[in-house]
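Taking it in order: structure first as structure tokens, then the write-up.
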């Protein structure tokens, strides 16, 4: 767990440097800048000449606004405009169910976009984040490894992990790659149109106590779907029940891999921690405050 503590310390230092930079920026001469970073609305905000130089190219940079949230107090840290980058947290301050995306601060709002047209490569996955459950399995060994999804707490509550696939298929089962403390999945729900269908329930085929395993769960009926949810009885199997990937099996036996994922909670998402500079979450908390790194 030393690596997590190092990551938290580094992120907090970067966040502190950002606050110093924002203070210096606020001291510059203010100007009025017309902002039109979200569709159908323009506003004028107080800013600096440096902000103006940054905002203009940003207007054409981002595509598809996903969410706009108001966090007025962040202006003290980030100024009138701050181009943060990719952030995978699902909660921030009092705001929940946030999508992963590119965050831009235009005081007093954070704007979350799906795509950055200037991004040179796909965003880095957050350690133990929900996105770790997308794609084909890539966790080579059993253990507490950051390339698998993990819930926020080890045994604090029941959890769920929901996977979305590129296109609907006639699905007949799933393959769940469990890489740490397996054995807690007790139901599978498939989304068929507006309906939720329980297609499997029972005892996880991978027994608790095994280091890892691939649980194949055949559906009680074939269903046309591109989205499934795993229900996980986390308190029943001690420790973090980590999942690396979930393959959706179609009638022809082809396995499809998820393109996106959400969950009841995620160790890779740290609520109430500002998305500071230095890369995607997870971010560290200030020294002395409660930090989930310390409970691993």
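Numbering (mature numbering (1 follows the signal peptide of the UniProt record, and there is no 0)), first residue to last: -26 to -1, 1 to 270.
All C-beta atoms, glycine included, are put in the ideal place defined by N, C-alpha and C.
### Query
When the Cα atoms are used, what is the spatial distance from residue 165 to residue 52?
In this structure, the alpha-carbon of residue 165 lies about 40 Å from that of residue 52.
### Task
For my contact list, residue 154 and residue 117 are in at a C-beta cut-off of 8 Å; report their separation, rounded to the angstrom.
With a Cβ gap of about 6 Å, residue 154 and residue 117 count as contacting.
### Query
Considering only the beta carbon of each residue, do residue 104 and residue 123 sit closer than 7 Å?
Taking 7 Å as the cut-off, the Cβ atoms of residue 104 and residue 123 count as close.
### Query
Under 7 Å between the Cβ atoms of residue 220 and residue 148?
Going by C-beta atoms, residue 220 is nearer than 7 Å to residue 148.
### Task
Would you mind listing the alpha helix (DSSP H) stretches within the segment 91 to 128 that are 4+ residues and don't spill past its ends, in chain order?
For secondary structure counted as the alpha helix (DSSP H) over 4 or more consecutive residues, the segment 91 to 128 holds no complete run.
### CA-to-CA distance, residue 101 to residue 169, given in whole angstroms
Answer to the nearest angstrom: the Cα atoms are 32 Å apart.
### Task
Using beta-carbon positions only, say whether residue 159 and residue 178 come within less than 7 Å of one another.
Yes, these two residues count as a Cβ contact at 7 Å.
### Message
So, for residue 142: in the same chain, excluding its five sequence neighbours on each side, which residues have a beta-carbon less than 7 Å away from its beta-carbon?
### Response
Apart from sequence neighbours up to five positions away, the residues of its chain that approach residue 142 with a beta-carbon distance below 7 Å are 198, 199 and 200, ordered along the chain.
### Task
Classify residue 205 as helix, strand or coil using the three-state DSSP reduction.
DSSP places residue 205 in strand when its eight states are reduced to three.
### Task
Run the CB neighbour count on residue 162, radius 10 Å, all protein chains shown included, and call it buried at 16 or more, exposed below.
With 16 or more other Cβ atoms within 10 Å, it is buried.
### Cα-Cα separation, residue 66 to residue 72
Going by C-alpha positions, residue 66 is about 8 Å away from residue 72.
### Given residue 136 as reference, the closest of 125, 144, 113 and 184 once Cα atoms are compared
Here the closest residue by C-alpha is 125.
### 6 Å CB neighbourhood of residue 218 in its chain, flanking five on each side removed
By the criterion of a C-beta distance shorter than 6 Å, residue 218 is surrounded in its chain by 111, 113, 122, 151 and 153, once the five residues flanking it on both sides are discounted.
### Query
Who does residue 138 pair with in a DSSP beta bridge?
Residue pairing by DSSP puts residue 138 in a beta bridge opposite 201 and 234.
### Query
With distances taken from CA atoms, which of 209, 188 and 75 is nearest residue 133?
Checking every option, the nearest Cα to that of residue 133 belongs to 209.
#### Entry: Burial state of residue 184, where buried means 16 or more other Cβ atoms lie within 10 Å
With fewer than 16 Cβ atoms within 10 Å of its Cβ, residue 184 is classed as exposed.
### Message
Please list the terminal residues of the continuous beta strand (DSSP E) segment that includes residue 131.
### Response
Where residue 131 is concerned, there is no enclosing beta strand (DSSP E), given that its DSSP letter is neither H nor E.
### Message
Going by beta-carbon coordinates alone, are residue 35 and residue 92 separated by less than 7 Å?
### Response
It is a contact, given that the beta carbons lie within the stated cut-off.
### Query
Excluding sequence positions up to five away, which residues of its chain have a Cβ less than 6 Å from the Cβ of residue 237?
Excluding sequence neighbours, residue 237 sits near 104 and 135.
### Message
Is there a Cβ of chain B sitting closer than 7 Å to that of residue 90, yes or no?
### Response
As a matter of chain content, chain B is missing from the structure shown, which is built from one protein chain.
### Query
Given residue 233, which residues of its chain have a CB within under 7 Å of its CB, disregarding the five upstream and five downstream residues?
When the five nearest sequence neighbours on each side are left out, the beta carbons in the same chain lying within less than 7 Å of the beta carbon of residue 233 are those of 108, 138, 139 and 140, in order along the chain.
### Task
For residue 79, collect the residues of the same chain with a Cβ closer than 7 Å to its Cβ; drop the 5 residues on either side in sequence, then sort them by chain order.
Taking C-beta separations shorter than 7 Å and ignoring five residues to either side along the sequence, the partners of residue 79 in its chain run 48, 52, 55, 56 and 58, following chain order.
### Task
Consider the C-beta atom of residue 190 and the heavy atoms of the ligand NAD; say whether any pair is separated by less than 6 Å.
Within the structure as shown, the ligand NAD is missing, as the structure has no ligands at all.
### Message
Using 7 Å as the threshold, is the C-beta distance between residue 173 and residue 189 below it?
### Response
For residue 173 and residue 189, no; Cβs fall outside 7 Å.
#### Entry: Per-residue burial, residue 212 [other beta carbons within 10 Å of its own, 16 or more giving buried]
Looking at its Cβ environment, which holds fewer than 16 other Cβ atoms inside 10 Å, residue 212 is exposed.
### Message
Run through the DSSP bridge pairs and tell me what residue 144 is partnered with.
### Response
When beta bridges are read from the DSSP output, residue 144 appears opposite 198.
### Query
Can you tell me where the alpha helix (DSSP H) with residue 52 in it begins and where it stops?
Where residue 52 is concerned, the enclosing alpha helix (DSSP H) stretches over 49 to 52.
### Message
Just to confirm my understanding: we take residue 130, look at its own chain, exclude 5 residues before and 5 after, and list those with CB closer than 8 Å. What are they?
### Response
Around residue 130: 208 and 209.
### Query
From this set, 240, 40 and 196, which residue's C-alpha is nearest residue 84's C-alpha?
Ranked by how close their Cα comes to the Cα of residue 84, the residues 240, 40 and 196 have 40 in first place.
### Query
Are the CB atoms of residue 156 and residue 180 nearer to each other than 7 Å?
Their beta carbons are under 7 Å apart, which means residue 156 touches residue 180 by this criterion.
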